[in-house]
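**Q**
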Amino acid sequence: MGAGSRGRARAQAAAAAAAAGAERQGPGPRPGPRPGPGAHHALQAQEGEGVSEVSQKRPEGRRWRWEGWRGREFGGGLVSISLLSLQWSRSLSVLSCLQTALLQNGRELFACSEEMYASLNAIFLLFRRHRKAQQPQQQPQQQQPTSNKRPSNSAPPPTQLNKIKYSGGPQIVKKERRHSSSRFNLSKNRELQKLPALKDAPPHEREELFIQKLRQCCVLFDFISDPLSDLKFKEVKRAGLNEMVEYITHNRDVVTEAIYPEAVIMFSVNLFRTLPPSSNPTGAEFDPEEDEPTLEAAWPHLQLVYEFFLRFLESPDFQPNIAKKYIDQKFVLSLLDLFDSEDPRERDFLKTILHRIYGKFLGLRAYVRRQINNIFYRFIYETEHHNGIAELLEILGSIINGFALPLKEEHKMFLIRVLLPLHKVKSLSVYHPQLAYCVVQFLEKDSSLTEPVIVGLLKFWPKTHSPKEVMFLNELEEILDVIEPSEFVKVMEPLFRQLAKCVSSPHFQVAERALYYWNNEYIMSLISDNAAKILPIMFPALYKNSKSHWNKTIHGLIYNALKLFMEMNQKLFDDCTQQYKAEKQKGRFRMKEREEMWQKIEELARLNPQYPMYYAPPPLPPVCCMETETPTAEDIQLLKKTVETEAVQMLKDIKKEKVLLRRKSELPQDVYTIKALEAHKRAEEFLTSSQEAL
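Shown next, in the form of structure tokens:
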């Protein structure tokens, strides 16, 4: 019998003696003394003595608060902890205290000695049986009349309030960990046995061993409520997944027909789960610069499962004709549900896996597109919250790029009914680059879709959200870069009426982004060919804001636009100036006529006999127009000179300006989240390394 077995036997015998001694003493609680600094050393010296002798040496009248005790303070060994527990085993309060100490510090004791942890568990189970046996005997005694006075040496049972009151140090406020608690169906039997390595097995046994490892990896563990549990078996699973990833990457003829169902089952068991409620269920806008994503706690295993399945799909031995029996519509639907995960690392793997499935399984392509449409419909018209819209749009961008010409009516309806309404969702900034790419891909395939697309954008144009308006201007410039001149003529009037409103916007970023259109050579060529229609629309907004806008940068950009218009057609520019002057003069005359009509009405009112009974308001002051609203000949000459000088200087300043970056708020960063995202490798990196290895 080894030393560990003898220690456990002594601990169990001591626990049995404690239970017997407690039965002889009776159910009443008795306090114990507070042990001194060398208590556990004294108990070690008394290892051979009986429990009764130790009890006789216990001083009476001293109260000891068990709450301050922690199991890690007694480093004298297994026997000292057992005897110290037995010394006060007659007190019922010690049961709860030992339970608290075991639960709070059992992990640390386990880290020091497995035998100590097992012995404490055995002692605790014996004490629980003893207390259950004593409870029926306590109830009749409680019914007997007793004195209200409590004995001087009795101690109250430990309560949560007392534990907080007498606990050492200030109470620590537990910070919420940003971990996702997916609802896994944990396996009942989680004890895994380490299997032999695949490379060491004989060739004829490798397939069966590979299947055993796949089945072994179907065991699920708890990473949330007790992350330190089953550490040994978690490591066995992690090592097995790593080995299979390397095995399927560097070996040929390993994906046999028997492997397909086992690989799909292992992937489904580990990944197809109920996602936790969103940390932001209201669907507010996610800011990648400010907000930290919620990471999946079980990612150490999930990452390896994703890597294995991706290598499985990319293997040269993979045969879609065999795999289509197991990778079906139900599998794809469950895969699409995972795109709502809050962990960006998981969505990155899902994006690559779904794209590979779309490319290899021709029969599932229409179903994949239809189910993605359903996700978009639900997002637009019902929830307005989904975490994987950007990834789904990125997949669709590559799918649209491969559409055959001419486009099917189904694809055109997808553009009009799905992609365009996606512009009206509040969280547009999260997925706008991917959405704009999809729209431009459609226009490159079929230029006849330009008019409905631009009309749709103008329909959903934001009225009060300036950052969203800047995004619309960015997308509109990308569309104008690929537009055909014949299609530009159809939409130029409503388009530049909206641009004139943007130039007049008091938000300087909106006005600045609209005026940057005049730095685009292709757009300027389109404007030059249609200047007779565009300049009369843009001139009033440009002239007015060249003097009235509050931002000096906007002044320089406006002078640049006016200079380009003058260089295009000097006569047309002068005509627009005179026309603008005439329109402002007519406006002044209309205002004057309106004031004269009001004065006539007031004069008629004064002729009324009852007019003095009412308070007569003071006469309205004469209407005067600001000098800047009606350009004079001097203003026009001054404008031309200013345009010549300011526009050139402004272009130089623009080149020197740094890119405008929004200042980040000074928020505390989660170090764990930052490190996890930095350590993440994109799925493409795994595929590149595997191809190089092959």
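Per my numbering, the sequence shown starts with residue 174, numbered consecutively. Using N, Cα and C, we set each Cβ at its ideal position, and we do this for glycine too.
Under 9 angstroms, do L708 and M665 count as touching if we go by C-beta distance?
**A** Their beta carbons are not under 9 angstroms apart, which means L708 does not touch M665 by this criterion.
**Q** Which residue from Y433, D654, E564 puts its Cα closest to that of K498?
**A** For the residues Y433, D654, E564, the minimum Cα distance to K498 belongs to Y433.
**Q** Just to confirm, are S507 and F445 a CB contact at a threshold of 9 angstroms?
**A** For S507 and F445, yes; Cβs fall inside 9 angstroms.
**Q** Using the C-alpha atoms, what's the distance from F712 back to C749?
**A** The straight-line gap from Cα to Cα measures roughly 7 angstroms.
**Q** Could you tell me the alpha carbon to alpha carbon distance between Y689 and A705, rounded to whole angstroms?
**A** Spanning the two alpha carbons is a distance of roughly 21 angstroms.
**Q** In three-state DSSP terms, what is F746?
**A** Correct three-state label for F746: helix.
**Q** Which residues mark the beginning and the end of the alpha helix (DSSP H) in which M711 is found?
**A** Note, M711: alpha helix (DSSP H), 704 to 721.
**Q** So who's on the other strand from L569, going by DSSP bridges?
**A** Paired residues: none, contrary to the question.
**Q** Taking the Cβ atom as the reference point for each residue, do L578 and K618 lie within a distance shorter than 9 angstroms?
**A** Yes, Cβ-Cβ distance for L578 and K618 is below 9 angstroms.
**Q** Measure the Cβ-Cβ separation of N693 and D654 and say whether it is below 9 angstroms.
**A** In contact: N693 and D654 (Cβ atoms closer than 9 angstroms).
**Q** Helix, strand or coil, according to DSSP, for L468 in the structure here?
**A** Note: L468 maps to strand in three-state DSSP.
**Q** In three-state terms, what does DSSP make of A852?
**A** Of the three classes helix, strand and coil, the one that applies to A852 here is helix, per DSSP.
**Q** Please name the residue, chosen from I727, Y604, V628, that lies closest to I589 on a Cα-to-Cα basis.
**A** Minimum Cα distance to I589 is reached at V628.
**Q** Does the pairing of the segment 418 to 428 with the segment 475 to 485 give three or more beta-carbon distances under 8 angstroms?
**A** Cβ pair count under 8 angstroms is three or more, so yes.
**Q** Can you find the residues in the same chain that come closer than 8 angstroms, C-beta to C-beta, to K674, ignoring five residues on each side of it along the sequence?
**A** Once the five neighbours on either side are set aside, the close Cβ partners of K674 are A714.
**Q** For M739 and L780, I'd like the C-alpha separation in whole angstroms.
**A** Distance between the alpha carbons of M739 and L780 is about 56 angstroms.
**Q** Is DSSP giving P489 helix, strand or coil here?
**A** Reduced to three states, the DSSP call for P489 is coil.
**Q** From H559, K367, L646, pick the residue whose C-alpha is nearest to that of E408; which is it?
**A** The candidate whose alpha carbon is nearest that of E408 is K367.
**Q** Under 8 angstroms: do the segment 367 to 378 and the segment 437 to 452 share three or more Cβ pairs, one atom per stretch?
**A** With a cut-off of 8 angstroms, the segment 437 to 452 and the segment 367 to 378 do not count as touching, because too few Cβ pairs lie within range.
**Q** Hey, quick one: how far does the alpha helix (DSSP H) through M417 stretch, first residue to last?
**A** Start and end: 404 to 423.
**Q** By the three-class DSSP mapping on this structure, what secondary structure does W771 have?
**A** Three-state result, W771: helix.
**Q** What are the boundary residues of the alpha helix (DSSP H) that P658 is part of?
**A** Looking at the DSSP string, the run of the alpha helix (DSSP H) that includes P658 is 658 to 676.
**Q** F396 by DSSP, collapsed to three states: which one?
**A** F396: coil per DSSP, three-state reduction.
**Q** Roughly how many angstroms separate the alpha carbons of P200 and C390, rounded to a whole number?
**A** Any reading at P200 must be qualified, since the residue scores a pLDDT of 45, below 50, and its modelled position is unreliable; the value itself is stated next. Approximately 50 angstroms between the Cα atoms of the pair.
**Q** On the three-state DSSP scale, how would you describe H638?
**A** Coil, per DSSP.
**Q** Would L595 pass as a contact of F549 if the rule is Cβ separation under 9 angstroms?
**A** Yes.
**Q** Note down the Cα distance separating R520 from N415, rounded to an integer number of angstroms.
**A** When rounded, the distance between both Cα atoms is 21 angstroms.
**Q** Looking at R425 and E469, is the spacing between their C-beta atoms short of 9 angstroms?
**A** Their beta carbons are not under 9 angstroms apart, which means E469 does not touch R425 by this criterion.
**Q** Are the beta-carbon atoms of L608 and L592 separated by less than 9 angstroms?
**A** Taking 9 angstroms as the Cβ cut-off, L608 and L592 qualify as a contacting pair.
**Q** Helix, strand or coil: which one does DSSP assign to C611?
**A** Reduced to three states, the DSSP call for C611 is helix.
**Q** Check each candidate in A370, K754, L365, V428 and name the one with the smallest Cα separation from F406.
**A** When only C-alpha atoms are compared, the closest one is L365.
**Q** Residue range of the alpha helix (DSSP H) that L537 falls in?
**A** Note, L537: premise wrong, no alpha helix (DSSP H); not H, not E.
**Q** Could you tell me the alpha carbon to alpha carbon distance between I384 and E435, rounded to whole angstroms?
**A** Those two C-alpha atoms are separated by around 7 angstroms.
**Q** So, at 7 angstroms on beta carbons, what are the nonlocal neighbours of L475 in its own chain, with the 5 sequence-adjacent residues on each side left out?
**A** Contacts found: N443, L444, E469, E519.
**Q** How should I774 be labelled, buried or exposed, when 16 other C-beta atoms within 10 angstroms of its C-beta is the threshold for buried?
**A** Per the 10 Å Cβ criterion, exposed.
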